[in-house]
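Written below as structure tokens is the structure these notes are about.
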Ligand code: UN1
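Numbering (UniProt numbering), first residue to last: 1 to 479.
What follows is the structure, given as structure tokens:
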């Protein structure tokens, strides 16, 4: 079958036997295009191509790598409006959010272009006379990248850019729901001067393409972002051939609001962290933990802000929150809203399906109050515009509730107390801590990752990315 958007394998655009329609969640009548659905055979060819390309690419001139990644970055910046529109159209985040994400992808490629020129080792005196010891880093080999639907271009960028910068070759499987942005990025990479096979794109299902990638003995490392359940499967499968693993999974991120917080800051951080990008971020603040002296004022002010939000077509100017990504995610969100009510929480705002001009997956952002930390809506990742307010006595109880979770990605606090801010930074059990800032929306040049059930393996992003994408060699020499 000829899909207009094909897989990219060994430097060629390859037809697949099947295709799937990329649907706009703001308007299900709008089909973005038919994208190839690869299979196990396509993965086999792609991995073989990546393996063949590896020796030359791993020894390529760092300036060549710099130029290629810089070129990719330049094109992303030059086309950010168009690519942002595509991203919003296929994923449902608003156009400013879409353009913002594309900009982030451009910044990531620029950062790792620079990193190509900053690779260095160490020269260490030996404990043995006359011997010298060199510690260097080498690429890992063929890297399999499995990316999620909620950041259709930024997450592919933050895995592909370091993989290539450090000399690895890549086979990427983007999320089945949003192949458009990944395909556009592959098209840019295809024209950037990479040798054939250094980067390969295989679109398709997790159960076929993802599975084949995980099982392939020639895939030396897997970087995955997605759910905890899938992450567990990824780890179990890929460890069979000792693939190096990097897993970024769920979150149930707490945002603590203390009595001494600046109310406007607390409300804006909560609104942004919990509901922007339709709450579909692993860094979303889905638990708002509020001390009793500010609780009622905080809830009233947040409800007022929620009531003023425009929930509509992601591409319409003025939209604050776009639709949920698809029917399955919408059903999951609505299920949790029902579960929250059944458990005895108060639905203080929203939570109902909305009708708009076009048929799409619109949901009014939902705010629960009177939530006990034991309730499912306070413990399980919902991955939608749903937040749970937990009332606590004081800072100590807030911290205990914040840490009482199987996750540990991002944790935030709104406070004007230096003492509480410092204590929270030190004691929040999370990979990232935010003081008077939203839990979501991170910088592109510093480490990203969490603890407990949120992450496994070395950090992504910034200079820390090299931990995963390189392996250390210690060389001894008697000159
Ligand atoms: C952000 O909050 O800016 O899947 C990034 C996710 C994360 C990325 C969040 N891996 O939501």
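Using N, Cα and C, we set each Cβ at its ideal position, and we do this for glycine too.
Interface flag, residue i vs chain B, CB-CB below 8 Å
i	result
residue 440	In the displayed structure, chain B is absent; only one protein chain is listed.
C-alpha distance - residue i paired with residue j, whole-angstrom precision
i	j	result
residue 415	residue 154	31 Å
residue 299	residue 36	47 Å
residue 483	residue 381	Past the edges of the chain, shown from 1 to 479, lies residue 483, and the structure says nothing about it.
residue 131	residue 121	17 Å
residue 399	residue 255	10 Å
residue 232	residue 479	48 Å
residue 84	residue 151	11 Å
residue 306	residue 402	23 Å
residue 346	residue 49	55 Å
residue 326	residue 21	13 Å
residue 485	residue 76	The question about residue 485 has no answer, for the chain in this structure spans 1 to 479.
residue 222	residue 244	6 Å
residue 225	residue 147	5 Å
residue 394	residue 413	13 Å
residue 247	residue 194	27 Å
residue 470	residue 65	15 Å
residue 1	residue 261	Unreliable placement is indicated for residue 1, whose pLDDT of 48 sits below 50; the coordinate value is still reported in the next sentence. Cα-Cα distance, rounded: 59 Å.
residue 173	residue 43	9 Å
residue 436	residue 211	41 Å
residue 480	residue 26	This structure gives no information on residue 480, because the portion of the chain shown stretches from 1 to 479.
residue 106	residue 459	20 Å
residue 331	residue 310	21 Å
residue 94	residue 126	57 Å
residue 103	residue 161	14 Å
Assigned exposure category for residue i - 16 Cβ within 10 Å defines buried
i	result
residue 241	exposed
residue 354	exposed
residue 252	buried
residue 312	buried
residue 406	exposed
residue 128	exposed
residue 474	exposed
residue 192	buried
residue 426	exposed
residue 97	buried
residue 534	Nothing in the structure corresponds to residue 534, since the chain is present only between 1 and 479.
residue 166	buried
residue 481	An answer regarding residue 481 cannot be provided, because it is not within the stretch 1 to 479 covered by the chain.
residue 118	exposed
residue 333	buried
residue 3	buried
residue 213	buried
residue 418	exposed
residue 239	exposed
From the options, residue whose alpha carbon lies closest to that of residue i
i	options	result
residue 184	273, 96, 80	80
residue 303	258, 368, 334	368
residue 5	160, 201, 134	201
residue 315	24, 16, 139	24
residue 374	92, 344, 63	344
residue 206	176, 44, 221	176
residue 149	129, 110, 163, 92	92
residue 443	18, 469, 141, 158	158
residue 477	133, 409, 166, 275	133
residue 264	329, 279, 294, 71	294
residue 271	249, 101, 308, 239	308
residue 163	138, 28, 279	138
residue 539	32, 410, 422	Lying before the first or after the last residue shown, residue 539 is absent from the chain, which here runs from 1 to 479.
residue 67	100, 112, 384, 34	112
residue 82	69, 287, 181	181
residue 432	331, 384, 348, 285	285
residue 56	3, 197, 90, 30	197
residue 506	269, 33, 52, 332	The question about residue 506 has no answer, for the chain in this structure spans 1 to 479.
residue 28	69, 459, 324	324
residue 123	94, 386, 51, 136	136
residue 179	356, 388, 8	8
residue 189	451, 397, 364, 10	10
residue 199	52, 78, 208, 86	52
Nearest-angstrom beta carbon gap, residue j and residue i [assumed within contact, 8 Å]
i	j	result
residue 109	residue 73	4 Å
residue 440	residue 273	5 Å
residue 290	residue 391	6 Å
residue 351	residue 339	Going by Cβ atoms, the distance from residue 351 to residue 339 rounds to 12 Å, so no, they are not a contact pair.
residue 220	residue 143	7 Å
residue 378	residue 287	6 Å
residue 372	residue 349	At roughly 19 Å, the Cβ-Cβ gap does not stay under 8 Å, so residue 372 and residue 349 are not in contact.
residue 321	residue 278	6 Å
residue 408	residue 451	3 Å
residue 47	residue 216	5 Å
residue 461	residue 383	That pair is no contact at about 21 Å.
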